[in-house]
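Student: Residues in the sequence shown are numbered from 27 upward in steps of one, following my numbering. Here a beta-carbon is modelled for each residue, glycine too, at the ideal position from N, C-alpha and C.
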Amino acid sequence: MNRFFYLFGNLLGAISGRIGALFLGVIGLMLAALLIFAAFFLVGEPVAQENAPALAPGEMIVYLSPQLSSDDVQSLYLKIRDMPETRTINYRFTQELGFDQAGGLFIIQAVNSSAALSLQAVIDGMPGIMSIDSVTQAQKANISLSSALRLGLLAALILSVAGSLILARHAFSLLLDGFSSEIRLLRLAGTPERVLQPPVIALGVLCGIIAAIFLVVVVYLLHFLALSHPQATLRAACGLLLPGRVLMVSLVGSLIGIVLGGLIGLLGVSLTGRERFQIYS
Numbered sequence: 027m028n029r030f031f032y033l034f035g036n037l038l039g040a041i042s043g044r045i046g047a048l049f050l051g052v053i054g055l056m057l058a059a060l061l062i063f064a065a066f067f068l069v070g071e072p073v074a075q076e077n078a079p080a081l082a083p084g085e086m087i088v089y090l091s092p093q094l095s096s097d098d099v100q101s102l103y104l105k106i107r108d109m110p111e112t113r114t115i116n117y118r119f120t121q122e123l124g125f126d127q128a129g130g131l132f133i134i135q136a137v138n139s140s141a142a143l144s145l146q147a148v149i150d151g152m153p154g155i156m157s158i159d160s161v162t163q164a165q166k167a168n169i170s171l172s173s174a175l176r177l178g179l180l181a182a183l184i185l186s187v188a189g190s191l192i193l194a195r196h197a198f199s200l201l202l203d204g205f206s207s208e209i210r211l212l213r214l215a216g217t218p219e220r221v222l223q224p225p226v227i228a229l230g231v232l233c234g235i236i237a238a239i240f241l242v243v244v245v246y247l248l249h250f251l252a253l254s255h256p257q258a259t260l261r262a263a264c265g266l267l268l269p270g271r272v273l274m275v276s277l278v279g280s281l282i283g284i285v286l287g288g289l290i291g292l293l294g295v296s297l298t299g300r301e302r303f304q305i306y307s
């Protein structure tokens, strides 16, 4: 174990200048690949239910009875607006949104998804309320992504993964070239391959871990920004509004980053089989 840390420390110590820049490029391309993977699940519009509009989490549409007078509508408006669970409320005529039914409606945004549940229960019991549309679990799970965008993301994902592997091969080649004499001496001393290879693999895994950490930071920063501006986010990246989906993408993306780092490490190990690292009797 001490020999592992000794070799791994020497590899890290040799990463500077051009080699360091190459490994930063590898991490950057890995991060790009992970972010593109995340985009498959976070970017897109919600799929609305039949005869219902697409809504953001915490948003609801309250349909008012056409029998309500203007004073009744104003009274309901003020009552709902002053509730602590309400972030915003707007009145619209149903015809403005393309509905056939008569009367008006309130478009309400709650302060959060939990508050929306209690707010909906209170509003549902008010006189003059015909029905309420809100986000359902089924609607939350479905995100529409155009075929062109999906193909573009797939092409970008393939290019970024391929680029990271090509750049990693070049980076490991330069790094290991500086250790060619040490590797030959270790093999001459009878050091087994299971001692020489793990530090190289660990370096690749470390690159994957760093990329995964940046992925989690970026995704959660975007998640918090999306929660602050739900209406602006809904039509472009509604997946960012769903905490469960954000957590899933972060965990799976991190795992993929570590696996990709391991593959990069194995690519580095394959380079130690070249002639300059061998010993001959």
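(1) Please report how far the alpha carbon of residue 101 lies from the alpha carbon of residue 69, in whole angstroms.
(2) Measuring alpha carbon to alpha carbon, tell me which of 265, 97 and 202 ends up nearest residue 296.
(3) Using only the alpha-carbon positions, how far apart do residue 56 and residue 286 sit?
(4) Indicate the three-state DSSP secondary structure (helix, strand or coil) for residue 156 in the structure shown.
(5) Residue 132 to residue 87, Cα distance in whole Å?
(6) Would you verify that the beta carbon of residue 142 is, or is not, closer than 8 angstroms to some beta carbon of chain B?
(7) Roughly how many whole angstroms lie between the Cα atoms of residue 247 and residue 96?
(8) Reducing DSSP to helix, strand and coil, say where residue 205 ends up.
(9) With distances taken Cα to Cα, identify the nearest neighbour of residue 30 among 61, 149, 104 and 227.
(10) Would the stretch 37-47 and the stretch 263-275 be scored as touching if the rule is three or more Cβ pairs under 8 angstroms?
(11) CB-CB under 7 angstroms to residue 167, same chain, minus the five flanking residues each way: which ones, in chain order?
(12) Taking the alpha carbon of residue 277 as the reference point, which residue from 61, 36, 51 and 39 has its own alpha carbon closest?
(13) Quick check: the Cα distance between residue 176 and residue 58, rounded to an integer number of angstroms?
Tutor: To lay it out plainly:
(1) If I take the Cα positions, the gap works out to 39 angstroms.
(2) The residue with the shortest Cα to Cα distance from residue 296 is 202.
(3) Residue 56 and residue 286 have their C-alpha atoms roughly 8 angstroms apart.
(4) Strand at residue 156.
(5) In a straight line, the C-alpha of residue 132 is about 6 angstroms away from that of residue 87.
(6) Among the protein chains of the structure shown there is no chain B, as only one such chain exists.
(7) Distance between residue 247 and residue 96, taken at the CA atoms: about 43 angstroms.
(8) Of the three classes helix, strand and coil, the one that applies to residue 205 here is coil, per DSSP.
(9) Between residue 30 and the set 61, 149, 104 and 227, the nearest pair of CA atoms involves 227.
(10) Because the criterion of three Cβ pairs below 8 angstroms is not met, the stretch 37-47 and the stretch 263-275 do not touch.
(11) With a pLDDT of only 49 at residue 167, under 50, the local geometry of the prediction cannot be trusted, and no value is derived from it.
(12) The residue with the shortest Cα to Cα distance from residue 277 is 61.
(13) Each residue's alpha carbon lies about 16 angstroms from the other.
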